[in-house]
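With numbering that gives the first Met the number 0, the residue at position 129 of the sequence shown is 128, and numbering never jumps.
Every residue, glycine too, gets a C-beta built ideally from N, C-alpha and C.
Worksheet: one structure, shown below.
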Amino acid sequence: MTARVVLLGATGFTGRLTAEAMVRAGLAPVLAGRSVDALVALTGDLAGLGPMDAPPSWAVADASDPASVRALVHDPADVLVSTVGPFTRLGRAAVDAAVDQGCAYVDSTGEGPFIRAVFEDDGPRAERTGARLLTAFGYDYVPGNLAGALAIRAARAAGRVPTAVEVGYFVDGPAAMSSGTRASAAAIATDLPYALEGGQIVAGHGSVATFDVGGTSRDALPVGATEAFALARLDPGVRDVRTYLGWAGARTRAIHAASGAAAAAAQLPLAGDAIDSLAKRAADAPTGVGPARSEREHARTVAVARCLDGVGRHLSGSRVEGPSPYDLTADLLAWAAAMLLTGRNRGVGALGPADAFGLDPLVEGCAAMGLAPTAETT
Ligand SMILES: NC(=O)c1ccc[n+]([C@@H]2O[C@H](COP(=O)([O-])OP(=O)(O)OC[C@H]3O[C@@H](n4cnc5c(N)ncnc54)[C@H](OP(=O)(O)O)[C@@H]3O)[C@@H](O)[C@H]2O)c1
């Protein structure tokens, strides 16, 4: 049987953007979800968008029925892409299906606890079956992995040994969020962020970090992310990796102070609401709702990274900029699916963006979708 790309969650907001990006890229994904009517309508909407040698097809699967998700993948060369969240509640079936089949898996999560489980628990299982697991392959957290890898490379090129990498994520312009992002934030709002400290993953409340972004100081909140697992693989000197989200602007320090023992960054979309009631409302909210194209056109992804030496001296820095978080996420998922489908990846287990594809192909692929280093990269 020919290898296939399967997109679970295709009828959601991010799923639809991803389906469109896949079709434009010449893929013919199997659109998977729980509503036949929505899948049929989406298949029709995609007609004429791309080369369409083989048009998309659809399949019914429910993330709360693991057997139905397992039935989506038949071949170790298949690629299962999931945009069904919250991942801490609904993500397990797709990871298990990919590990069981020994195929490739990509998802759109930004949820730290889920990312940690994929790297710590599912990665070793995947190494045994040959599965390739690429979690959080969207705005969260590819741009920071790219910026961090470029900063590490710049430090080494200058003959320096980087021991710590700090990454900050920002959005320039309107930072509107989809229904799914709010539901995911609510799902992890009481989980602590984590970082790599001295070569170990350590969870804790963390501190606010300040980054120089194009000459402006911007604060950001600590968050658990893939950089903590993936960046140290790129350089044996790196022992500390910390990732921060800078969406709150001037409210950053107040949110951090008010968040107590919880994940401050997860509370950005929730500010002003009681977490419990918002979690309930988010879970009941209609899916498929997110910022309109006209709004997304004014938003830009910005990620910065800096390398430090063992006594905290700045060694190198990088900044990457690209399209809006949702458009970028869709393009990244489609790109990763195409790379995996055609075998342009390396390694098995839980993988970061640079170790899965190599830094130069990652730089090239990201540049093609408009995510590129700025002149300020040193
Ligand atoms: N990392 C990033 O930068 C980034 C960017 C974008 C999105 N995300 C994440 O991606 C996820 C989706 O976001 P979104 O905005 O697309 O959300 P959404 O519009 O609410 O879509 C959620 C999708 O999940 C499907 N779904 C829900 N329960 C299901 C189940 N039991 N079985 C199968 N499918 C199920 C929904 O299907 P129905 O159509 O049947 O309701 C819908 O297709 C969220 O976790 C969000 O945080 C992350």
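Per-residue burial, residue i [other beta carbons within 10 Å of its own, 16 or more giving buried]
{"i": "A156", "result": "exposed"}
{"i": "T13", "result": "buried"}
{"i": "S206", "result": "exposed"}
{"i": "H297", "result": "exposed"}
{"i": "A366", "result": "exposed"}
{"i": "V39", "result": "exposed"}
{"i": "F19", "result": "Residue identity check: residue 19 is Glu in the sequence provided, not Phe. Per the 10 Å Cβ criterion, buried."}
{"i": "A273", "result": "In this prediction, A273 has a pLDDT of 46, which is less than 50 and means its spatial position is unreliable; nothing more can be read from the coordinates."}
{"i": "R312", "result": "exposed"}
{"i": "A96", "result": "buried"}
{"i": "T10", "result": "buried"}
{"i": "D120", "result": "exposed"}
{"i": "T1", "result": "exposed"}
{"i": "G289", "result": "buried"}
{"i": "R127", "result": "exposed"}
{"i": "P352", "result": "buried"}
{"i": "D190", "result": "buried"}
{"i": "D77", "result": "buried"}
{"i": "G271", "result": "Legend: pLDDT at G271 = 45, less than 50; position of this residue unreliable, value from coordinates given subsequently. Under this definition G271 is an exposed residue."}
{"i": "S258", "result": "buried"}
{"i": "R3", "result": "buried"}
{"i": "T286", "result": "buried"}
{"i": "G147", "result": "buried"}
{"i": "D275", "result": "Note that D275 scores a pLDDT of 47, beneath 50, so its modelled location is shaky and nothing firm can be said."}
{"i": "G223", "result": "buried"}
{"i": "G214", "result": "exposed"}
{"i": "L277", "result": "The predicted position of L277 is uncertain, since its pLDDT is 49 and thus under 50; no value can be drawn from it."}
{"i": "G90", "result": "buried"}
{"i": "M322", "result": "With the sequence shown as reference, residue 322 is identified as Pro, and Met is not the correct amino acid for it. Under this definition P322 is a buried residue."}
{"i": "G203", "result": "exposed"}
Bridge-paired residues (DSSP) for residue i
{"i": "R241", "result": "E165"}
{"i": "E320", "result": "V301, A371"}
{"i": "G137", "result": "Y140"}
{"i": "P221", "result": "Y243"}
{"i": "A200", "result": "With the sequence shown as reference, residue 200 is identified as Ile, and Ala is not the correct amino acid for it. DSSP lists L195 as partners of I200."}
{"i": "A208", "result": "A219"}
{"i": "V5", "result": "V29, L79"}
{"i": "G348", "result": "R131"}
{"i": "S315", "result": "C306"}
{"i": "V160", "result": "Note: V160 sits in no beta bridge, so no partner."}
{"i": "V170", "result": "T300"}
Whole-angstrom C-beta distance between residue j and residue i, which should lie under 8 Å
{"i": "T251", "j": "D218", "result": "4 Å"}
{"i": "P142", "j": "T300", "result": "6 Å"}
{"i": "A458", "j": "W246", "result": "The structure shown does not extend to residue 458, since the chain spans only 0 to 377, so no value can be given for it."}
{"i": "G129", "j": "V347", "result": "5 Å"}
{"i": "V80", "j": "L6", "result": "5 Å"}
{"i": "G167", "j": "V303", "result": "5 Å"}
{"i": "G8", "j": "V83", "result": "4 Å"}
{"i": "P324", "j": "L149", "result": "Contact flag wrong, Cβ pair sits at about 20 Å."}
{"i": "P55", "j": "P75", "result": "Contact flag wrong, Cβ pair sits at about 22 Å."}
{"i": "L41", "j": "R15", "result": "7 Å"}
- Contiguous beta strand (DSSP E) assignments of at least 3 residues, all confined to the stretch 41-116: Whole beta strand (DSSP E) segments, 3+ residues: 56-59, 78-81, 103-106.
- Task: Say whether the stretch 318-325 touches the stretch 194-208, bearing in mind that this needs 3 or more beta-carbon pairs closer than 8 Å, one atom from each stretch.
- Result: Contact between the stretch 318-325 and the stretch 194-208 is absent, because fewer than three Cβ pairs lie under 8 Å.
- Spell out a yes or no on whether the stretch 132-152 and the stretch 94-113 are touching, meaning 3 or more CB-CB pairs, one atom from each, closer than 8 Å. Yes, they touch.
- At least three beta-carbon pairs within less than 8 Å, the stretch 285-303 to the stretch 85-104: Touching, no, given that fewer than three Cβ pairs across the two stretches are closer than 8 Å.
- Message: I want to know whether the stretch 224-232 touches the stretch 182-191 - three or more CB-CB distances under 8 Å.
- Response: Touching, no.
- Message: Contact between the stretch 52-70 and the stretch 30-37 is defined here as three or more beta-carbon pairs at a separation below 8 Å; is this criterion met?
- Response: Under the 8 Å Cβ criterion, the stretch 52-70 counts as touching the stretch 30-37, having at least three qualifying pairs.
- Query: How about the stretch 330-341 and the stretch 354-371: do they share at least three Cβ pairs that are nearer than 8 Å?
  - Reply: Taking a cut-off of 8 Å for Cβ pairs, the stretch 330-341 and the stretch 354-371 touch, as three or more such pairs fall below it.
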